[in-house]
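Let me begin by presenting the structure, written as structure tokens, before commenting on it.
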Amino acid sequence: MDILAHNRIAWDAQVERRNRWTIPVSAEEIDAARQGRWDIVLTPTKPVPRSWFGELDLSRVLCLASGGGQQAPLLAAAGATVTVLDNSPRQLDQDALVAREHGLPITTVLGDMAHLEVFRDESFDLIVHPVSNCFVPDVQPVWTEAFRVLRPGGTLLAGFNNPIVYVFDQDLLERSKRLEVRHPLPYSDALSLTADEAAARLSAGWPLEFSHTLESLIGGQMQAGFVLTGMYEDSNPSEDADPLNTFTPTSIATRARKPTGG
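Start counting at 1 in the sequence shown, then tack on 7, and there's your number in our numbering.
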């Protein structure tokens, strides 16, 4: 199966369905960001600490697998020159639309988060990578490429799912809000489901998801060469959210720095 192609089509469809992660920021939010009042998220609800960003004015930012017209427009309005790379053309359209309407310095690039050959070494000062690496089967190339395209002293801000969410039967959660342990980790929509369940997910047009171990999510950044300098956890305790949020944080954000010396 061509996972990249399937997930591209699936996320294009999510734009049509107005998934919350496909709805661009408002004109009011852009105006506020131009005046220094802005927040972005890497995880469902908790704003990223402003101290994690450093000076944005004139900085070169890569929003990695971050289409949808949310993070990139606010960072551009705050003074950064922003490039957005995403696998979904329709998600990139959301960023391009906001950029045109508000005269923002945003470049959109269609591509794979694990393959950044289009960018030269040390092209960016900051990478913003919200929860999205659950849509690729191997996360290590994402960290390795992020390290390569960051300048020495640059920063990677990343969000990702807590692997524990994939232990449970997601179909049962959606039907009855019941938690039932079912899957060993690491989880894969392509391998962990029955043939009928996988076929139903594909026919419904949902993106294919994959869990990753904490060793690969956190240790993988260090293996790529990063030094971790910050971390927090987040949950999504809304009425429609997974009931697992009642018991444990379901996502994690990290701040990592590329060292300046060898």
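In this text, a Cβ means the ideal position worked out from N, Cα and C, and glycines have one as well.
Taking a C-beta distance under 7 angstroms as the contact criterion, Pro31 and Val105 qualify as a contact pair.
In this structure, Gln228 is the residue among Ser95, Gln228, Asn26, Asp46 with its C-alpha nearest to the C-alpha of Ala153. For Ile16, the enclosing alpha helix (DSSP H) starts and ends at 10-23. Pairwise C-beta distances place the segment 82-90 out of contact with the segment 155-169, as fewer than three of them are shorter than 8 angstroms. The criterion of a C-beta distance shorter than 7 angstroms is not satisfied by Gly61 and Asp102. DSSP places Thr114 in the uninterrupted beta strand (DSSP E) bounded by 113-117. Between Ser95 and Asp9, the gap from beta carbon to beta carbon reaches 7 angstroms or more.
C-alpha of Thr151 to C-alpha of Ala231: approximately 5 angstroms in a straight line.
Residue pairing by DSSP places Arg264 opposite Thr162, Val234 in a beta bridge.
According to the DSSP assignment, His190 belongs to no beta strand (DSSP E), since it is labelled neither H nor E.
Around the beta carbon of Gly43, fewer than 16 other beta carbons sit within 10 angstroms, so the residue counts as exposed. In the structure shown, Asp64 falls within a coil segment according to DSSP collapsed to helix, strand and coil.
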